Structure formats: C-alpha cells, structure tokens
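> In our numbering, the protein residues as written are 61 to 299.
Let me give you the structure first, and then I'll get to my questions.
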Amino acid sequence: MQINYNYIKIIGLLFLVVGLFAFSKHRNSNRNTSEPIIKFFGENKLFITEATVSKLLIQNQQSVTGQPKEIIDLNELETALNSNPMIKKAEVFMSVNGELSAEIEQKRPIARVNTNASYYIDDEGSFMPLSSNYAARVPLVTGSVKKNDLESVFQFAKTVDEDEFLKKHVIEIRQNDDKTIDFKIRKSDFVVHLGTLNQLKKKINNFKAFYQKALKDKILDNYKLVNLKFDKQVICTKI
61 MQINYNYIKI
71 IGLLFLVVGL
81 FAFSKHRNSN
91 RNTSEPIIKF
101 FGENKLFITE
111 ATVSKLLIQN
121 QQSVTGQPKE
131 IIDLNELETA
141 LNSNPMIKKA
151 EVFMSVNGEL
161 SAEIEQKRPI
171 ARVNTNASYY
181 IDDEGSFMPL
191 SSNYAARVPL
201 VTGSVKKNDL
211 ESVFQFAKTV
221 DEDEFLKKHV
231 IEIRQNDDKT
241 IDFKIRKSDF
251 VVHLGTLNQL
261 KKKINNFKAF
271 YQKALKDKIL
281 DNYKLVNLKF
291 DKQVICTKI
C-alpha cells in the first residue's frame with residue numbers, strides 16, 4: 061500500500077496549528093489585566109480625575125487591575141463609567157495582552173445654578189454636579205429654578221454659549237416665578253428683562269444694537285432696567 065506523505069503532512073500541520081491556537085488562547089485568557097490607561101477627550105480642564113475613574117473601574121467589588129483577562133466584562137465597566145454624572149461618554153477597551161484602557165469624554169457645563177442647590181447645566185441640558193477639582197467660568201443661574209424643569213434656563217444658556225458677544229458679557233441668568241428670564245452683564249449694574257424666549261434672536265439683536273449705541277454714547281451707567289420684552293423696541297428705565 062502506498063503511503064500518502066503529503067496527506068500526513070497536511071494532517072500534522074493542521075494539528076500543529078490547532079495546538080498553537082489553543083495554547084495561544086489559553087495563554088491570553090490567563091493574562092492578568094494591567095493597570096488601566098485613562099485618556100480624556102474634549103475639555104482640557106478635568107472635572108473628574110484619573111484616580112476617580114480608576115475607582116469606578118471595579119468588578120465584583122474589586123479593582124480590575126491584576127484580575128485574569130477572561131473574567132473582565134467590558135460592558136459592565138462602561139456602564140459603571142457612564143453612570144457617573146460627570147461623564148458624557150465612556151468606552152473601555154482590552155488589548156490581546158491584557159492592557160485595559162478607558163476613553164472618557166466629560167460633560168461640558170454652560171451654566172451654574174446657585175439657588176438652594178448648586179450644580180451645573182451641561183451643553184445637553186442635563187444635570188452635572190460641581191467638581192472639587194475645577195470650577196468652570198460660566199454664567200450664574202439664580203431665581204426660581206428646579207432641577208427637573210431646566211428647559212427655559214437651558215435654552216437661553218445655550219444661546220449665550222453659542223454667541224460670542226453674549227458669552228463675553230453675560231454673567232448671570234435669572235428665571236422668575238413666571239418663567240420669564242432676566243440677565244445681567246459684565247461691568248454694568250442694570251438688569252436686562254428678556255421676558256419669554258419668543259422671538260429670542262430678534263430680542264438679542266435689539267439688545268446688541270442698544271448696547272453698542274449706549275457704549276458709544278457712554279450712557280450705559282444711566283440705566284437700571286433694559287426691557288426687551290417687546291420684540292420691536294427696547295425700553296430703558298433710567299436710574
């Protein structure tokens with residue numbers, strides 16, 4: 061009987077490949093997880109620290125560092141990170157050699173509420189706690205504000221954040237009991253009564269025109285109230 065050596069070689073090679081694959085898989089699954097590598101994206105100022113993120117990367121009430129790679133649940137770790145009110149989005153990755161990394165995008169505050177409670181409103185209108193690590197320079201929000209009803213304040217704060225002139229000048233936003241909005245600007249004592257957010261763009265353009273004219277005429281300090289309630293005119297009350 062003629063022996064087919066090529067066939068034997070193929071079978072032997074197949075067993076070798078399977079054996080190497082099984083060995084490699086076993087070896088990789090038994091690798092221990094490294095200390096997490098944490099990367100932040102977006103804002104340069106950190107409201108949440110690497111140490112805090114590391115403490116959130118726990119599984120079965122234990123740090124993931126040094127645990128076998130095969131028992132790490134990346135979805136569970138991502139859920140833990142994304143549940144933190146400072147974090148907008150988090151993704152967790154594991155390399156073949158057990159290197160664990162987390163990519164963090166922080167929330168970005170656009171206003172700071174200072175009533176009976178203090179917290180930020182982020183750029184998506186969500187609650188964001190204050191940070192002991194860094195204080196954002198954003199307009200202060202006062203008046204009748206409830207954490208579960210931030211829509212009007214958020215919409216105006218977003219307008220301020222997206223407008224170069226307003227972002228430079230507005231330092232305080234006040235929501236009245238009837239949901240109308242007032243605001244104050246830097247280096248001026250008068251109050252600006254915006255009213256409702258109806259015709260907001262037109263009201264803001266009216267205010268910019270008033271401000272530039274009053275600044276040129278050096279009469280900004282003559283007023284105690286600037287009323288934008290009526291979209292076709294600016295009504296000023298002198299001191």
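We treat Cβ as the ideally placed atom computed from N, Cα and C, and that holds for glycine.
Here the structure is a predicted model, which means the values were calculated and not measured.
Report all residues from its chain with a CB closer than 7 Å to the CB of residue 282; omit the five preceding and five following residues, and keep chain order.
Taking the sequence shown and counting its residues from 1, the one referred to as residue 282 is at position 222. For residue 282, where only same-chain residues beyond five positions count, the Cβ hits under 7 Å are 298, 299.
> Does DSSP put residue 218 in a helix, in a strand, or in coil?
Sequence index remark: in the sequence shown, residue 218 carries index 158 (1-based). Residue 218 falls in the helix class under three-state DSSP.
> Based on DSSP bridge pairs, tell me the residues matched to residue 229.
For the purposes of this step, residue 229 is identified with residue 169 of the sequence shown, where counting begins at 1. Answer is none; residue 229 lacks a bridge partner.
> Assess, as a yes-or-no matter, whether the stretch 217–234 is touched by the stretch 130–148 under the definition of 3 or more beta carbon pairs within less than 8 Å.
Touching, no, given that fewer than three Cβ pairs across the two stretches are closer than 8 Å.
> Check the DSSP bridge columns for residue 207 and list the partner residues they point to.
Within the sequence shown, numbered from 1, the residue matching residue 207 stands at position 147. In DSSP, residue 207 forms no bridge with anything.
> Grab me the residues of residue 303's own chain with a C-beta within less than 6 Å of its C-beta, minus the 5 sequence neighbours each way, in chain order.
Outside the displayed span of the chain (61 to 299) sits residue 303, for which this structure offers no information.
> Pick from 172, 229, 112, 116: whose alpha carbon is nearest that of residue 205?
In the sequence shown, the residue the question calls residue 205 occupies position 145. Nearest of 172, 229, 112, 116 to residue 205, Cα basis: 172.
> Compute the distance between the beta-carbons of residue 188 and residue 194, then report whether it is under 8 Å.
Start at 1 with the first residue of the sequence shown, and residue 188 comes out as number 128. Start at 1 with the first residue of the sequence shown, and residue 194 comes out as number 134. No, the pair does not count as a contact, with Cβ atoms beyond the cut-off.
> So, at 7 Å on beta carbons, what are the nonlocal neighbours of residue 295 in its own chain, with the 5 sequence-adjacent residues on each side left out?
Sequence index remark: in the sequence shown, residue 295 carries index 235 (1-based). Answer for residue 295: 287, listed in chain order.
> Taking DSSP as the reference, what is the three-state secondary structure of residue 250?
Reading the sequence shown from its first residue, position 190 is the one you call residue 250. Here residue 250 sits in coil by DSSP.
> Around the Cβ of residue 93, are there at least 16 other Cβ atoms within 10 angstroms (buried) or fewer (exposed)?
Walking along the sequence shown from the start, residue 93 turns up at place 33. With 16 or more Cβ atoms within 10 Å of its Cβ, residue 93 is classed as buried.
> Which two residues bound the contiguous alpha helix (DSSP H) that contains residue 273?
Position 213 of the sequence shown holds residue 273. First-last of the alpha helix (DSSP H) with residue 273: 260–277.
> When DSSP builds the beta bridges, which residues end up paired with residue 171?
In the sequence shown, residue 171 corresponds to position 111, counting from 1. Residue 171 pairs with 181.
> Rounded to whole angstroms, what is the Cα-Cα separation between residue 133 and residue 165?
What you label residue 133 is simply residue 73 of the sequence shown in a count that begins at 1. What you label residue 165 is simply residue 105 of the sequence shown in a count that begins at 1. Their Cα atoms are separated by approximately 21 Å.
> Are the Cβ atoms of residue 253 and residue 292 separated by less than 8 Å?
As a first step, residue 253 is located in the sequence shown; it is residue number 193 there, counting from the start. As a first step, residue 292 is located in the sequence shown; it is residue number 232 there, counting from the start. Cβ distance not < 8 Å, so residue 253 and residue 292 don't count as in contact.
> Measure how close the beta-carbons of residue 235 and residue 213 come, nearest whole angstrom, since I'm counting them as under 8 Å.
Numbered from 1 along the sequence shown, position 175 holds the residue referred to as residue 235. Numbered from 1 along the sequence shown, position 153 holds the residue referred to as residue 213. Correct: roughly 5 Å between the Cβ atoms.
> Identify, in the order they occur along the chain, each residue of the same chain with its Cβ nearer than 6 Å to the Cβ of residue 100, setting aside the five sequence neighbours on each side.
Residue numbering aside, residue 100 sits at position 40 when the sequence shown is read from its first letter. Excluding sequence neighbours, residue 100 sits near 164.
> Does residue 150 come out as helix, strand or coil in the three-state DSSP assignment?
Position 90 of the sequence shown holds residue 150. Note: residue 150 maps to strand in three-state DSSP.
> Go through its chain and collect everything with a Cβ distance to residue 81's Cβ below 7 Å, but skip five positions before and after it.
Here residue 81 refers to the residue found at position 21 when the sequence shown is read from its first residue. Confidence at residue 81 is low in this model, with a pLDDT of 48, below 50, so the placement of that residue should be treated as unreliable; the coordinate-derived value is given next. Result list for residue 81: empty, nothing under 7 Å.
> Skipping 5 residues on each side, what residues in its chain have a beta carbon closer than 8 Å to that of residue 89?
The count along the sequence shown starts at 1 and reaches residue 89 at position 29. Its pLDDT being 48, under 50, residue 89 is placed unreliably by the model, and the measurement read from it follows with that caveat. Within the same chain, residue 89 has close Cβ partners 128, 129, 130.
> Check the C-beta distance from residue 168 over to residue 102 and give it rounded, since I have them as a contact under 8 Å.
Locating residue 168 in the sequence shown gives position 108, where the first residue counts as 1. Locating residue 102 in the sequence shown gives position 42, where the first residue counts as 1. 7 Å between Cβ atoms; contact.
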